[in-house]
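Participant: Below is a structure I'd like to ask you about.
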Amino acid sequence: MSRKAKILRKTKETNIAVEVNLDGKGKYQIKTKIGFLDHMLEQLSKHSLIDMKISTKGDTHIDLHHTTEDTGIAIGECIKKALRSSKGIKRYAHALIPMDETLTRISIDVSNRPYLIWKVKLKVEKLGEMDTELFKE
Numbered sequence: 001m002s003r004k005a006k007i008l009r010k011t012k013e014t015n016i017a018v019e020v021n022l023d024g025k026g027k028y029q030i031k032t033k034i035g036f037l038d039h040m041l042e043q044l045s046k047h048s049l050i051d052m053k054i055s056t057k058g059d060t061h062i063d064l065h066h067t068t069e070d071t072g073i074a075i076g077e078c079i080k081k082a083l084r085s086s087k088g089i090k091r092y093a094h095a096l097i098p099m100d101e102t103l104t105r106i107s108i109d110v111s112n113r114p115y116l117i118w119k120v121k122l123k124v125e126k127l128g129e130m131d132t133e134l135f136k137e
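Counting in full-length UniProt numbering, the sequence shown runs from 1 upward without gaps.
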């Protein structure tokens, strides 16, 4: 069974199209108009081997919040749709990943109960044009 999905998410502030192939090769076409967000989503696609097409138009002339938040929501919805069922999927996973000058620890529970614990200290307020306070979104 194919684990692919497409969704469109349209709000007052954003218009987003997302396509994923969970059994892909890490190919991506990502256009959010936020350089650092594009870079991070490209890394997610590349290292997870999930093919992703993401096109986001947002009210970036005001700020980057809605574009960042709604893009994340749309990706989550699309991955959930592609999974269809959690049958055969391990519920829990974790990883420690050293990359460049960081060490990232991630634990995940695929239980359909979203929750985030954010213990991050950032030394800068922006990376490129993106406010680091948006990373949590």
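Virtual Cβ for every residue (Gly too), placed ideally from N, Cα, C.
Quantities reported herein were computed from a predicted structural model and do not represent experimental measurements.
Figure out for me which residue from 116, 56, 112, 101 has the closest Cα to the Cα of residue 123.
Facilitator: Per the Cα distances, 101.
Participant: Let's test the definition: count the other Cβ atoms within 10 Å of the Cβ of residue 2 and tell me whether it reaches 16, buried, or not, exposed.
Facilitator: exposed
Participant: Find the nearest neighbour of residue 111 within the set 103, 75, 83, 68, judged by alpha-carbon distance.
Facilitator: Comparing Cα positions, the closest option is 83.
Participant: May I ask you to verify whether the stretch 73-91 touches the stretch 12-29, counting CB pairs closer than 8 Å and requiring at least 3?
Facilitator: The stretch 73-91 and the stretch 12-29 touch, with no fewer than 3 CB-CB distances between them shorter than 8 Å.
Participant: Between the Cα of residue 61 and those of 120, 14, 9, spot the shortest distance and give me the residue it belongs to.
Facilitator: 14
Participant: Would you kindly check if the distance between the Cβ of residue 16 and the Cβ of residue 130 is under 8 Å?
Facilitator: no
Participant: Residue 57 CB to nearest chain B CB: under 8 Å?
Facilitator: Considering every chain present, this structure includes no chain B. It has just one protein chain.
Participant: Could you spell out where the alpha helix (DSSP H) holding residue 77 opens and where it closes?
Facilitator: 65-83
Participant: Can you tell which of 5, 55, 72, 106 has its C-alpha closest to the C-alpha of residue 120?
Facilitator: 106
Participant: Going along the chain, which residues of its own chain have a beta-carbon closer than 8 Å to the beta-carbon of residue 48, five neighbours each way excluded?
Facilitator: Beyond the five residues adjoining it in sequence on each side, residue 48 comes within less than 8 Å, by CB distance, of 26 in the same chain, given in chain order.
Participant: DSSP on residue 129, reduced to helix/strand/coil?
Facilitator: coil
Participant: Just the C-alpha distance for residue 108 and residue 134, rounded to the nearest angstrom, thanks.
Facilitator: 20 Å
Participant: Quick check on residue 26: does DSSP put it in helix, strand or coil?
Facilitator: Correct three-state label for residue 26: coil.
Participant: How is residue 107 classed by DSSP in three states: helix, strand or coil?
Facilitator: strand
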